[in-house]
Amino acid sequence: MLYTLKERHILFVEDNEEFAQNFMTLLGLFVNKIFHCKTITAALDALQTQKIDIIICDIKLHHENGLS
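Letter by letter, the sequence shown follows residues 4 to 71 in the numbering used here.
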């Protein structure tokens with residue numbers, strides 16, 4: 004399973020910078036590439052321009068809803 008994750012590109016949507024850096028450090032041990040976005044708008048742009056396999060999204064973003 005870990006070998007399968009190493010080939011994946013993750014889109015990580017999180018507006019808390021400290022948490023995002025800590026989580027990406029850990030996640031970086033298991034995946035090939037992490038794209039970090041702080042807003043839904045930036046995440047939608049990343050989805051248009053990057054190859055994304057998995058999305059991890061915060062639900063309560065600043066003035067936005069991660070479920071949308």
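The C-beta atom is built at its ideal place from N, Cα and C for all residues, glycine as well.
Note that this is a predicted model, so its numbers are computed, not measured.
Under the three-state DSSP convention, the category residue i falls into
i	result
Ile37	strand
Ile58	strand
Asn19	coil
Leu30	helix
One or two residues paired with residue i in a DSSP bridge
i	result
Glu3	Outside the displayed span of the chain (4 to 71) sits residue 3, for which this structure offers no information.
Unbroken alpha helix (DSSP H) run spanning residue i, endpoints
i	result
Ile13	Where Ile13 is concerned, there is no enclosing alpha helix (DSSP H), although the beta strand (DSSP E) it sits in stretches over His12 to Val16.
Thr52	Ile43 to Thr52
For residue j and residue i, the rounded distance between their alpha carbons
i	j	result
Ile55	His65	23 Å
Thr44	Asn68	11 Å
Glu10	Asn35	5 Å
His12	Ile37	6 Å
Leu30	His39	12 Å
Lys41	Leu70	14 Å
Does the stretch 45-54 touch the stretch 25-34, meaning 3 or more C-beta pairs lie closer than 8 Å?
-> The answer is no - the stretch 45-54 does not touch the stretch 25-34, with fewer than three Cβ pairs under 8 Å.
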